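Asker:
2 protein chains.
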Amino acid sequence: MRRVGIVSAGQTKFTKDDSSIESLLVSSVKPLFDESKDLSQKDIDVVLTSTNSNQKYLANIVSELSGISPRIAHSVESLCNSGTNCIVSAFSYIASGLADVALVVGAEKTDSPGLVLDWDVSRGQYKHPIYWSSLFTSSHMRKYGTTLEDLAYVSAKNHVNGRANPFSYFDRSYSFEDVMASKKLTDNVRLLDCSMPCNGSASILLASEDVANKFKEKPVWITGIGQKSISAGFTKNSDLSSMQSTSIAASDAFSMARCSPREIDVAEVHDAFSICEIMALEDLGLAERGRGAKIVRDLYETGSRKVNPRGGLIGTGHPLGATGIAQTIEAYRQICGESGKRQIDGARTALVHNMSAAATSSTVMVLRS
Amino acid sequence: MRRVGIVSAGQTKFTKDDSSIESLLVSSVKPLFDESKDLSQKDIDVVLTSTNSNQKYLANIVSELSGISPRIAHSVESLCNSGTNCIVSAFSYIASGLADVALVVGAEKTDSPGLVLDWDVSRGQYKHPIYWSSLFTSSHMRKYGTTLEDLAYVSAKNHVNGRANPFSYFDRSYSFEDVMASKKLTDNVRLLDCSMPCNGSASILLASEDVANKFKEKPVWITGIGQKSISAGFTKNSDLSSMQSTSIAASDAFSMARCSPREIDVAEVHDAFSICEIMALEDLGLAERGRGAKIVRDLYETGSRKVNPRGGLIGTGHPLGATGIAQTIEAYRQICGESGKRQIDGARTALVHNMSAAATSSTVMVLRS
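Protein sequences, first through last, are from chains Y and R. Count the first sequence with our numbering and you get residues 3 to 371, in order. Count the second sequence with our numbering and you get residues 3 to 371, in order.
1) Which chain Y residues sit within Cβ distance under 7 Å of R:Gln229?
2) Just the Cα atoms here: how many angstroms apart are R:Thr225 and R:Arg370?
3) Is the shortest distance between the beta-carbon of Y:Ala389 and the beta-carbons of chain R less than 8 Å?
4) Counting only Cβ-Cβ distances shorter than 7 Å, please list the residues of the segment 98-132 of chain Y near chain R, keeping chain order.
5) Name, please, each residue of chain Y whose Cβ falls closer than 9 Å to the Cβ of R:Leu153.
6) R:Pro199 by DSSP, collapsed to three states: which one?
7) Assign Y:Glu151 to buried or exposed, taking buried as 16 or more other Cβ atoms, counted over all protein chains shown, within 10 Å of its Cβ.
8) For the beta strand (DSSP E) containing R:Ala109, list its first residue and its last residue.
9) Is the shortest distance between the beta-carbon of Y:Val31 and the beta-carbons of chain R less than 8 Å?
10) Thinking R:Cys82 and R:Leu286 are a contact (beta carbons under 8 Å), I'd like their distance in whole angstroms, please.
11) Give the interface partners of Y:Asn54 over in chain R, defined as CB-CB distance under 8 Å, in chain order.
12) Starting from R:Met357, find everything on chain Y with Cβ-Cβ shorter than 9 Å and list it in chain order.
13) Look at R:Val271 and R:Leu283 and say whether their C-beta atoms are less than 8 Å apart.
14) What does DSSP give as the partner residues of Y:Ser243 in its beta bridges?
15) Which class does Y:Tyr76 belong to by DSSP, given the choice of helix, strand or coil?
16) Flag this pair as touching only if the segment 77-97 of chain R and the segment 147-165 of chain Y have three or more C-beta atom pairs under 8 Å; answer yes or no.
17) Can you grab the Cα-Cα spacing for the pair Y:Lys220 / Y:Val9, in whole Å?
18) Going by beta-carbon coordinates alone, are R:Ser133 and R:Thr188 separated by less than 8 Å?
19) Report yes if the C-beta distance between R:Ser233 and Y:Asn62 is below 8 Å; otherwise report no.
20) Three-state secondary structure (DSSP) at Y:Met3?
21) Using 10 angstroms around the beta-carbon of Y:Ser240, count the other beta-carbons present and answer buried if the total reaches 16, otherwise exposed.
22) For R:Leu105, which residues in the same chain have their Cβ closer than 6 Å to its Cβ, ignoring the five residues on either side in sequence?
23) Apart from the five residues just before and just after Y:Asp122, which ones in its own chain have a Cβ nearer than 8 Å to its Cβ?
24) Can you have a look at R:Pro199 and say buried or exposed, based on whether 16 or more other CB atoms are within 10 angstroms of its CB?
25) If distances are taken between C-alpha atoms only, which option among R:Glu66, R:Gly202, R:Asp212 comes closest to R:Thr112?
26) Can you check which of these residues, R:Thr53, R:Lys15, R:Ser141, R:Arg5, is closest to R:Ile96 by C-alpha distance?
27) Quickly, what does DSSP pair R:Ser205 with across the bridge? List them, please.
28) Under three-state DSSP, which class holds Y:Gln127?
29) Taking the continuous beta strand (DSSP E) assigned at Y:Gly228, which residues delimit it?
30) Rounding to the nearest angstrom, what Cα-Cα distance links Y:Gln127 and Y:Val78 in this structure?
31) Using a beta-carbon distance below 8 Å, is R:Val162 in contact with chain Y?
32) If we require 4 or more residues per run, which alpha helix (DSSP H) segments fall completely within the segment 269-356 of chain Y?
33) What do you reckon, is the C-beta of Y:Arg307 under 7 Å from a heavy atom of the ligand NAP?
34) Using the three-state DSSP reduction, which class does R:Arg192 fall into: helix, strand or coil?
35) Just checking: is the beta-carbon of R:Met2 within a distance shorter than 8 Å of some beta-carbon in chain Y?
36) Using 8 Å for Cβ pairs, my map puts Y:Ser30 next to Y:Thr53. What's the rounded Cβ distance?
Below is the structure:
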């Protein structure tokens, strides 16, 4: 398998403006070219778009609008982890030798048709993701004694981190007290426990080892990949206090990367709701079972940015098809030492966790310098 | 790069019934399992769905409905060549070593949102594919003297071939005279020059060389792949009498397969409209420039099934996301000697050509025994 590196990235500020999906996609490709002065449109073999938009042929459209004439071009959709599915697909084109340079572009609009999975009628009128997150929360509370305060630390921490991210949707921060006082949507999920759908776009460039140095002096290597789909409906989960697809994906990613959770310097974790970050830390092996909330509180109190330095989904907004790419960009920037005020000193090994639909599927990637 | 073989396939009859997209997808997976007795759900690492449907998370839904819990699962969309984009993506997962066994499932409904590319406003009210096919036809007629009779031979030949295909949409055949007499939609495109949107589903199973023999005694190998996207709007084509994306994809596929057009025993060619088959034969190197129509007429008069033995898109119907997969299945069956009444004696090397949106993008694959 050929080594695959990340060599450039671009991103837009997350907003609620009324840009078209095509404009959103193109607007994160331009800064990527600005960053890589030696990159020409002719270098790009593959263009993959990541979105839940109903618009068709978007990979070809963004290619034409960006002056690229790739060999391989198509759209990838898998709800909230479309972005990392797209990155892994681009990885495989390069790792196999079918391509050398792949551009992955993700974007979403606020009113994305991927926000609710209509197919899952097992939940009747309770289709909105708020309801599964509420069940996850109840289950974790019952098993481990997790509290509403524990959840508020996740959101407050990620809002603090998001304030140092110029691409964040929010122009203000929300405190622990704000979260505690925010409107209850269910018994145990408050408005500020939820990530916010928004507009946004993120692009990343992958290259084979042979050519990566042409675009970046020190590429960041994708050394571990794990993916797992358990089902499409969350009722197949036997235990709602953990996310089986995340555990399996993490185990595979660490095994491929030949590293352990202890070596992770920085983690981008899919905090669609507060409870998800606590559960993910446990499922990824970054916290012992039942200790996820404690870890989050320690991070909050010490001001550590180790988990979700960019602000996560809660602190920056969640444009579905762009999220997994924006997470991966943060991991890349941290390893490159390019994260500015968010920089974690000496970050060498990063983890990205991206999931869909009540964790019925997950992607985990390990990135290293 | 690891070798990748085709080891099983399944298909539904093309119809106009009102099945849901989920039912359609699942209905071609079942016969694939029936064919491969040694295949278990647990063997499958990757499930990719190919469709233009607006329904989300279909790869996970079809996995759950089929009892599969894959590592990698997502949907792929690229209008009419979604199917071969999906197959090439599955190929790359296996060729890279990320996976061993991949299921590719395509389906479409008659009223697919992929039938017309709304984005291409360069054509004003003339967005329907009939209009670009009419411009292609005019251009080819001007340059090479192609006639309405030449076009009618394409359709008549493919309707003859389609009669021997149990999965065809049509329950009757249309003769040369029927095509000549059919309703004119433009000056030079008649109703029977067009492929017909319909419901349908097709599934194919790919495996690495290490495990392929477990499922099929003699797998069929994908030895050549070429893909090219020129643009999204057809006005970027400099010359409408040939399809540049097809020429480039063919050249790359033959180069990778280390073979020449002369070695092709059977070709599945994307005859969305009659003119497309004539132009494709020329762009693929299966006919000299300007000789495509002559080749088609010779095939018709001698009863040869070498080009579009399954009936092509015109003779069997065109369920967009399933088409490229159904084409690849025919190439596989022909090489396996499993094409029944359609069998071409001694077929060892096959070509598949699948394209989208006025040939703004094309895929070409070479398959060998």
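For every residue, glycine included, the Cβ atom is placed at its ideal position computed from N, Cα and C. All values reported here derive from a predicted model rather than from experimental measurement.
Answerer: Taking the coordinates as given:
1) On the second sequence, residue 229 of chain R is found 227 positions in, with the first residue counted as 1. Neighbours of R:Gln229 on chain Y, chain order: Arg73, Ile74.
2) The residue given as residue 225 of chain R occupies position 223 in the second sequence. The residue given as residue 370 of chain R occupies position 368 in the second sequence. Their backbone Cα atoms lie some 7 Å apart in a straight line.
3) Residue 389 of chain Y lies beyond the residue range present for chain Y, which begins at 3 and ends at 371; the question has no answer from this structure.
4) Ser98, Gly99, Leu100, Pro115, Gly116, Leu119, Trp121
5) Here the question's residue 153 of chain R lines up with position 151 in the second sequence. Under the 9 Å cutoff, chain Y gives no residues; its nearest Cβ is about 27 Å from R:Leu153.
6) Mapped onto the second sequence, residue 199 of chain R falls at position 197. DSSP places R:Pro199 in strand when its eight states are reduced to three.
7) On the first sequence, residue 151 of chain Y is found 149 positions in, with the first residue counted as 1. When all chains shown are included, Y:Glu151 counts as exposed.
8) On the second sequence, residue 109 of chain R is found 107 positions in, with the first residue counted as 1. Segment 103-110, the beta strand (DSSP E) holding R:Ala109.
9) Residue mapping note: residue 31 of chain Y aligns to position 29 of the first sequence, counting from 1. The C-beta of Y:Val31 comes no closer than 8 Å to any C-beta of chain R.
10) Taking the second sequence and counting its residues from 1, the one referred to as residue 82 of chain R is at position 80. Taking the second sequence and counting its residues from 1, the one referred to as residue 286 of chain R is at position 284. Incorrect: roughly 17 Å between the Cβ atoms, too far for contact.
11) Walking along the first sequence from the start, residue 54 of chain Y turns up at place 52. Going along chain R in sequence order, the residues near Y:Asn54 (Cβ under 8 Å) are Lys58.
12) The residue you call residue 357 of chain R lines up with position 355 of the second sequence. What R:Met357 touches in chain Y: nothing, since even the nearest Cβ is about 12 Å away.
13) Position 269 of the second sequence holds residue 271 of chain R. Position 281 of the second sequence holds residue 283 of chain R. In this structure, R:Leu283 lies closer than 8 Å to R:Val271 by Cβ.
14) In the first sequence, counting from the first residue as 1, residue 243 of chain Y sits at position 241. Its beta-bridge partners do not exist; DSSP assigns none.
15) Position 74 of the first sequence, counting from 1, holds the residue named residue 76 of chain Y. The amino acid occupying residue 76 of chain Y in the given sequence is His; Tyr does not appear at that position. Y:His76: strand per DSSP, three-state reduction.
16) no
17) Taking the first sequence and counting its residues from 1, one reaches residue 220 of chain Y at position 218. Taking the first sequence and counting its residues from 1, one reaches residue 9 of chain Y at position 7. Approximately 8 Å, taken between the alpha carbons.
18) Translated into positions along the second sequence, residue 133 of chain R becomes position 131. Translated into positions along the second sequence, residue 188 of chain R becomes position 186. With the sequence shown as reference, residue 133 of chain R is identified as Tyr, and Ser is not the correct amino acid for it. Yes.
19) The residue given as residue 233 of chain R occupies position 231 in the second sequence. The residue given as residue 62 of chain Y occupies position 60 in the first sequence. Against a cut-off of 8 Å, the Cβ pair of Y:Asn62 and R:Ser233 comes out as a contact.
20) As a position in the first sequence, residue 3 of chain Y is number 1, starting the count at 1. Coil, per DSSP.
21) Indexing the first sequence from 1 puts residue 240 of chain Y at position 238. Counting Cβ neighbours within 10 Å, Y:Ser240 comes out exposed, since fewer than 16 surround it.
22) Here residue 105 of chain R refers to the residue found at position 103 of the second sequence. Here the set comprises Ile46, Val49, Leu207.
23) Start at 1 with the first residue of the first sequence, and residue 122 of chain Y comes out as number 120. Lys129, Ala234, Gly235, Phe236, Ala359, listed in sequence order.
24) Here residue 199 of chain R corresponds to residue number 197 of the second sequence, with the count starting at 1. So R:Pro199 ends up on the buried side.
25) Here residue 112 of chain R corresponds to residue number 110 of the second sequence, with the count starting at 1. Residue R:Gly202 holds the alpha-carbon nearest to the alpha-carbon of R:Thr112 among R:Glu66, R:Gly202, R:Asp212.
26) One-based indexing of the second sequence puts residue 96 of chain R at position 94. Ranking R:Thr53, R:Lys15, R:Ser141, R:Arg5 by Cα distance to R:Ile96 puts R:Arg5 first.
27) Counted from its first residue, the second sequence places residue 205 of chain R at position 203. In DSSP, R:Ser205 forms a bridge with R:Gly12, R:Val107.
28) Here residue 127 of chain Y corresponds to residue number 125 of the first sequence, with the count starting at 1. Looking at Y:Gln127 - three-state DSSP - the assignment turns out to be coil, as it is neither helix nor strand.
29) Position 226 of the first sequence, counted from the first residue, corresponds to residue 228 of chain Y. 222-231 is the extent of the beta strand (DSSP E) around Y:Gly228.
30) As a position in the first sequence, residue 127 of chain Y is number 125, starting the count at 1. As a position in the first sequence, residue 78 of chain Y is number 76, starting the count at 1. Near 28 Å, if we compare the C-alpha coordinates of Y:Val78 and Y:Gln127.
31) Taking the first residue of the second sequence as 1, we reach residue 162 of chain R at position 160. It does not; no Cβ of chain Y falls within 8 Å.
32) 276-285, 294-304, 314-318, 322-338
33) Summarising the ligand content, the structure contains no ligands, and the ligand NAP is consequently not present.
34) Within the second sequence, residue 192 of chain R is the residue found at index 190, counting from 1. For R:Arg192, the three-state secondary structure derived from DSSP is strand.
35) What is shown of chain R runs 3 to 371, which leaves residue 2 of chain R out entirely.
36) For this step, residue 30 of chain Y is matched to residue 28 along the first sequence. For this step, residue 53 of chain Y is matched to residue 51 along the first sequence. Contact flag wrong, Cβ pair sits at about 12 Å.
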